[in-house]
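To start, the structure under review is shown below, and the notes come after it.
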Amino acid sequence: MNLYAVKAIYKHEMDRTWRTLAQSIVSPVLSTSLYFIVFGSAIGSRMSDIDGIAYAAFLVPGLLMLSLLTQSVSNASFGIYFPRFLGTIFEILSAPVSTMEIVLGYVGAAASKSLLVGAIILVTSAFFVDLQIMHPVLMLTFLVLTSLTFSMLGFIIGIWADNFEKLQIVPLLIITPLTFLGGSFYSISMLPEFWQKVTLFNPVVYLVSGFRWSFYEVSDVNLWVCIGMTVFFLLVCIAGIYWIFKTGYRLKN
Amino acid sequence: MSAIISIKNLSKTYEGGFQALKDINLDINKGEIIALLGPNGAGKTTLISAICGIVTPTAGTITVGGYDIQKDYRAARSLIGLVPQEMLIETFESVTGVMEFSRGLFGKGKDPAHVEKVLKSLSLWDKRNNKLMTLSGGMKRRVLIGKALAHEPDILFLDEPTAGVDVELRKEMWNTIRDLKQAGVTVILTTHYIEEAEEMADRIGVIDHGEIILVEEKKSLMQKLGEKNLKLHLKEKINSIPESLANYNLQLNADGMELLYSYDVQQEDTGITALLDHIEEAGIQYRDLETKQSSLEEIFVNLVKKQ
Ligand SMILES: Nc1ncnc2c1ncn2[C@@H]1O[C@H](COP(=O)(O)OP(=O)(O)OP(=O)(O)O)[C@@H](O)[C@H]1O
Ligand SMILES: [Mg+2]
Numbered sequence: 002m003n004l005y006a007v008k009a010i011y012k013h014e015m016d017r018t019w020r021t022l023a024q025s026i027v028s029p030v031l032s033t034s035l036y037f038i039v040f041g042s043a044i045g046s047r048m049s050d051i052d053g054i055a056y057a058a059f060l061v062p063g064l065l066m067l068s069l070l071t072q073s074v075s076n077a078s079f080g081i082y083f084p085r086f087l088g089t090i091f092e093i094l095s096a097p098v099s100t101m102e103i104v105l106g107y108v109g110a111a112a113s114k115s116l117l118v119g120a121i122i123l124v125t126s127a128f129f130v131d132l133q134i135m136h137p138v139l140m141l142t143f144l145v146l147t148s149l150t151f152s153m154l155g156f157i158i159g160i161w162a163d164n165f166e167k168l169q170i171v172p173l174l175i176i177t178p179l180t181f182l183g184g185s186f187y188s189i190s191m192l193p194e195f196w197q198k199v200t201l202f203n204p205v206v207y208l209v210s211g212f213r214w215s216f217y218e219v220s221d222v223n224l225w226v227c228i229g230m231t232v233f234f235l236l237v238c239i240a241g242i243y244w245i246f247k248t249g250y251r252l253k254n
Numbered sequence: 002m003s004a005i006i007s008i009k010n011l012s013k014t015y016e017g018g019f020q021a022l023k024d025i026n027l028d029i030n031k032g033e034i035i036a037l038l039g040p041n042g043a044g045k046t047t048l049i050s051a052i053c054g055i056v057t058p059t060a061g062t063i064t065v066g067g068y069d070i071q072k073d074y075r076a077a078r079s080l081i082g083l084v085p086q087e088m089l090i091e092t093f094e095s096v097t098g099v100m101e102f103s104r105g106l107f108g109k110g111k112d113p114a115h116v117e118k119v120l121k122s123l124s125l126w127d128k129r130n131n132k133l134m135t136l137s138g139g140m141k142r143r144v145l146i147g148k149a150l151a152h153e154p155d156i157l158f159l160d161e162p163t164a165g166v167d168v169e170l171r172k173e174m175w176n177t178i179r180d181l182k183q184a185g186v187t188v189i190l191t192t193h194y195i196e197e198a199e200e201m202a203d204r205i206g207v208i209d210h211g212e213i214i215l216v217e218e219k220k221s222l223m224q225k226l227g228e229k230n231l232k233l234h235l236k237e238k239i240n241s242i243p244e245s246l247a248n249y250n251l252q253l254n255a256d257g258m259e260l261l262y263s264y265d266v267q268q269e270d271t272g273i274t275a276l277l278d279h280i281e282e283a284g285i286q287y288r289d290l291e292t293k294q295s296s297l298e299e300i301f302v303n304l305v306k307k308q
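Sequence lines, in order, name chains A and B. Just so we're aligned, residue 2 is where the first sequence starts under my numbering, counting upward by one. Just so we're aligned, residue 2 is where the second sequence starts under my numbering, counting upward by one.
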């Protein structure tokens, strides 16, 4: 195992985070705060409690998940797309580095960064609502698994994309709608019955539900189903990455 | 001499069906400097990329230091440093930052002393804390060389290392490369500056249309294919070449003030002494004579033309 290489890639990626501090950390914090002000305080004050939880507090896990998903995908996809775009990837391809080490470096950095953002959002939200986390360990597990899974998804997107448009299109057209419709802002029991069924095809529902349970012990879907689905998505992404490197897809001629 | 890189029946067909390399066989000796020459699109970069693991060969095997580049990729790649043809480089990182990154990728920890040595040898030490985007083009190219040397490779690939580097620095870089050779590093370079190959290389390989059309010791290549010219600067102008000298392949230049005689160095008898005797007999007097051997550039142009 070439640990130096993993460290080098990881550090390189994290340095990029510190360099673009405003973009990578300040902006998600700002946008989440705006959500709290608009939905939590302004609109939320007129909303009734959901499952006995104040709407603003109900929002916290959903918003966290929303940022976590978009952050993980965008960090990881840019992280690997950029060297491909610049051509600097040649150095990694010609180095004595295995697939696993490359993925560890890039995905590890992207996941760390979104965890960092998640932690900051959590702290920020404490200023707006009465925060209560009933199962911190479970919550942390969800956080870590989700960041890893979606960082891997981002990595795959960054390898698949051969222009900037494609790089943006998946997060914009798929991830964002799925998160908005995945129960981040509402309980799916508030939907008409037909849409409650449809919504079960949305993977984000399970992530948000399970995650919310770790906060308030309320969830739309059975906790174990949520955990099972989360692990399942992780495995799917691992398989995707394995396939990419097995075939050299879009990395080598 | 033992081969440090051994290429057997290497072919590469790119997606889309273009065959960039056709059944290449080549051994590169430990410690030599070999220059690969060839027109644009000949396949030089493809060959280097295949050895370094950036391009997957369609057929054939390559070993580096005895290690198969696919099965033992770690061991094989650890030996190699690569300076790419294009300026593929970061923008916001510092010079020492990217040097450390390269070392890390190749499985080595920090070594400020080595980094300092490399940067000094490339005249980059003053710029060590600069961000790469604040460097000039030639400096960036030298950073690329520095990155390739960061992990102390045994083999160095230089894909047109001196393109865009000024004359003085080019000479300095040649010296750096010679020092590397002294230290035992094997160097494979491609270049379009024939004088560079002539100056540096022990052996010359010529690639054209994906095939190696020639690999030779530089000396013997120049001897074998070299034409020598004898130039006589005449004391007085002559209007035509006298009948008695018609048997020699002579040319009258410079308004009748110069006689040019071309001969093949391979021949036993160059005919020079006899020619000079005949010239004297013909009553032609010369004030000076010089001989000149054709340069590698002329040899190369002739070779590729013949293809
Ligand atoms: N990724 C690619 N896909 C398809 N064809 C390619 C690819 N890369 C190179 N080629 C083709 O392979 C041939 C050899 O290219 P290569 O870059 O090896 O040439 P070269 O000898 O290095 O030329 P130059 O002196 O211009 O650098 C060219 O015809 C080129 O168009
Ligand atoms: Mg080239």
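Idealized CB from N, CA, C, for every residue including glycine.
Is Leu27(B) near Ile8(B), with beta carbons less than 7 Å apart?
Cβ distance < 7 Å, so Leu27(B) and Ile8(B) count as in contact.
So Asn250(B) packs on Ser263(B), CB below 8 Å; how close in whole Å?
6 Å
Residues in the stretch 106-122 of chain B with C-beta within 9 Å of chain A's C-beta atoms, listed in sequence order?
Listed by position along the chain: Leu106, Phe107, Gly108, Lys109, Gly110.
Lining residues of ligand 2 - beta-carbon closer than 6 Å to any non-hydrogen atom, in sequence order
Lys45(B), Thr46(B), Gln86(B), Asp160(B)
Cβ of Tyr250(A) versus every heavy atom of ligand 1: is any distance shorter than 6 Å?
no
Chain-order list of residues whose beta-carbon lies under 7 Å from that of Gly139(B) (same chain, five-residue window excluded)
Within the same chain, Cβ atoms closer than 7 Å to the Cβ of Gly139(B) are found at Gly165, Val166, Asp167, Leu170, the five residues on either side in sequence being excluded.
Taking CB distances under 7 Å as the criterion, tell me whether Arg75(B) reaches chain A.
Closer than 7 Å: yes.
In terms of residues, what are the limits of the beta strand (DSSP E) holding Gly106(A)?
No beta strand (DSSP E) contains Gly106(A), which is instead part of the alpha helix (DSSP H) from 100-126.
Determine the burial state of His234(B): buried for a count of at least 16 other Cβ atoms within 10 Å of its Cβ, exposed for fewer.
exposed
Report all residues from its chain with a CB closer than 6 Å to the CB of Asp203(B); omit the five preceding and five following residues, and keep chain order.
Glu33, Ile34
Straight-line Cα distance separating Met223(B) from Leu246(B):
29 Å
Does the distance between the C-beta of Gly61(B) and the nearest non-hydrogen atom of ligand 1 fall short of 6 Å?
no
For Gly88(A) and chain B, any beta-carbon pair shorter than 7 Å?
yes
Here's the rule: buried if 16 or more other CB atoms are within 10 angstroms of the residue's CB, otherwise exposed. What is Ile44(A)?
Answer is exposed; the Cβ neighbour count stays below 16.
Per DSSP, what are the beta-bridge partners of Ile189(B) in this structure?
Ile35(B), Phe158(B)
Short of 9 Å Cβ to Cβ, which residues in the stretch 92-111 of chain A face chain B?
If you check each beta-carbon in the stretch 92-111 of chain A against every beta-carbon of chain B, the ones closer than 9 Å belong to Glu92, Ile93, Leu94, Ser95, Ala96, Pro97, Val98, Ser99.
Residues of chain B with a CB under 7 Å from the CB of Ile251(A): which are they?
The amino acid at residue 251(A) is misidentified as Ile; the sequence shows Arg. By Cβ distance, chain B contributes nothing, its closest Cβ being about 11 Å from Arg251(A), past 7 Å.
Contacting residues, own chain, Cβ-Cβ under 7 Å from Val74(A) (five flanking each side not counted):
Exclusion of the five residues before and after Val74(A) leaves Phe151, Leu154, Gly155, Ile158, Pro172, Ile176 as the residues of its chain whose Cβ lies within less than 7 Å of its Cβ.
Which residues in the same chain have their Cβ closer than 7 Å to the Cβ of Asn149(B), if we skip the five residues on either side of it in sequence?
The residue you asked about is not Asn; residue 149(B) is Ala in the sequence shown. Non-local C-beta neighbours of Ala149(B) in its own chain, meaning closer than 7 Å and more than five positions away in sequence, comprise Gly82, Leu83, Val84, Leu157, ordered along the chain.
Beta carbon of Ile29(B), beta carbon of Ile213(B): below 7 Å?
no
Among Val39(A), Tyr217(A), Val98(A), which residue has its Cα nearest to the Cα of Asp73(B)?
Minimum Cα distance to Asp73(B) is reached at Val98(A).
With a Cβ-Cβ cutoff of 7 Å, do Gly42(B) and Leu22(B) count as a contact?
no
Specify the secondary structure class of Thr14(B) as computed by DSSP and reduced to three states.
Secondary structure at Thr14(B): strand, using DSSP grouped into helix, strand and coil.
Could you say which of Ile146(B), Leu159(B), Phe93(B), Lys220(B) lies nearest to Met134(B) if we only look at CA atoms?
Phe93(B)
With Ala323(B) and Met100(B) assumed to form a contact (beta carbons below 8 Å), what rounded beta-carbon distance in angstroms separates them?
Missing from the structure shown is residue 323(B); chain B here goes from 2 to 308 and no further.
Find the residues of chain A that neighbour Gly54(B), judging by a C-beta separation of less than 7 Å, and give them in chain order.
Leu94, Ser95
What does Ile90(B) touch in chain A if you count any residue whose Cβ is under 7 Å from its own?
Residues of chain A whose Cβ lies closer than 7 Å to the Cβ of Ile90(B) are, in chain order, Thr89.
For Glu25(B), report the span of its beta strand (DSSP E) as first-last.
Position check: residue 25(B) holds Ile in this sequence, whereas Glu was assumed. Element bounds for Ile25(B): 20-30.
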